[in-house]
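Presented below is the structure to which this report refers.
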Amino acid sequence: MSETRTLLAYDSFRLGPTGEGLTGEIHSSETWAVMGRSGSGKSDFLKASAGLISANHGKAVLACHGAWAPGARIKKRQTPSGLLTATATKRDKAELLVGLGLVDDANEHYGDLPSSHAAACDLLTALAGDEEMVFIDGLIDRLDPWARKSVLAMVAQQSVEGRSFLVSTCMPEVAEALGSIVILSSGAASYFGGVRDLIEHAGPAELVVEADDESTVREICQPFGVTIRSEGGKLLLTADEGQEAAARLLVEGYGVIRAITIRERSLAEVLQDL
0 MSETRTLLAY DSFRLGPTGE GLTGEIHSSE TWAVMGRSGS GKSDFLKASA GLISANHGKA
60 VLACHGAWAP GARIKKRQTP SGLLTATATK RDKAELLVGL GLVDDANEHY GDLPSSHAAA
120 CDLLTALAGD EEMVFIDGLI DRLDPWARKS VLAMVAQQSV EGRSFLVSTC MPEVAEALGS
180 IVILSSGAAS YFGGVRDLIE HAGPAELVVE ADDESTVREI CQPFGVTIRS EGGKLLLTAD
240 EGQEAAARLL VEGYGVIRAI TIRERSLAEV LQDL
């Protein structure tokens, strides 16, 4: 793997007329998701990052060659096999077709492919290339679940080789697989960082407690920063920030407890609150 370096730098960057400008960097071997509500500017964020359009304020500086997917429009009578043959690549062509789920349709015309396979075909040239930065606009969402899983595995493998990815998506599971996320609101970035950091700082964890004596659990938890409610025959304890470990140690030390589980908030739940 090559030495880590800055591939894309943002300086007070924003697309909309208002909001805080984004200042940050994307480095080699990093994989980022771009998320936001409909109309938040996900596609334009990718285009401005790639230098295809200008930002409303500030700038994005791309310090390497980039690949864009979907790229040039594919002719209806082009085939995945023919497209790959016409693409200069050092990668194993058979592995690319397998990873994209296009083996059985390798000789089918692009215009006759189902939408998921057409999206895979639109990804083919970018994933076959060697540009250090890859911009993918919504295509991974359009893949069927099996192809999506294998394409994300390909992205992870290519990132180990030094490639970086910036992917617009509406799917939290795609963002979680990529690991880092930009969240947009009206063309401005409201968050730029790791998915894990976002989840851990977004709100309290939830402890699910199964107990024979609920009143005792309530009494022993009362001095701590936890909120308790009953649901489905169980007690749900929501611990304030910094109280998760204390709450768990508190209730685990008593015989009235049959089981305790800490349920972390999902990325989908966190995004709903933003």
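Start counting the sequence shown at 0; every next residue gets the next number (numbering that gives the first Met the number 0). C-beta atoms are modelled at their ideal positions from N, C-alpha and C, and glycine is treated no differently.
When C-alpha distances from residue 169 are compared across 21, 42 and 7, the shortest belongs to 42. Here residue 83 really is in contact with residue 123; their C-beta atoms are around 6 Å apart, less than 8 Å.
By the neighbour-count criterion, in which a residue is buried when 16 or more other Cβ atoms sit within 10 angstroms of its Cβ, residue 29 is buried. Under DSSP, residue 13 forms a beta bridge with 56. Note that the segment 173–193 touches the segment 6–18; at least 3 beta-carbon pairs, one per stretch, sit closer than 8 Å. Contact between residue 150 and residue 98 holds: CB atoms are separated by about 6 Å, below the 8 Å threshold. Boundaries for residue 198: no beta strand (DSSP E) harbours it, while the alpha helix (DSSP H) harbouring it runs 194–201, taken from the DSSP string. Straight-line measurement puts the Cα of residue 2 at about 31 Å from the Cα of residue 71.
About 5 Å separates the beta carbon of residue 67 from that of residue 134, a gap short enough to meet the 8 Å contact definition.
The DSSP-derived three-state label of residue 147 is helix.
Within 10 angstroms of the beta-carbon of residue 116 lie 16 or more other beta-carbons, which makes it buried. Proximity to residue 50 across 27, 6 and 39 peaks at 6, based on C-alpha coordinates. Ranked by Cα distance from residue 38, the first of 69, 185, 112 and 90 is 185. Judged by beta-carbon spacing, residue 79 lies within the 8 Å limit of residue 104, meaning their Cβ atoms are closer than that value.
Per DSSP, residue 24 is one residue of the beta strand (DSSP E) stretching across 21–26.
DSSP lists 167 as the beta-bridge partner residues of residue 136.
Counting along the chain, the unbroken alpha helix (DSSP H) around residue 114 starts and ends at 114–127. Between residue 136 and residue 45 a beta carbon distance of about 5 Å is seen, short of the 8 Å cut, so the two are scored as contacting.
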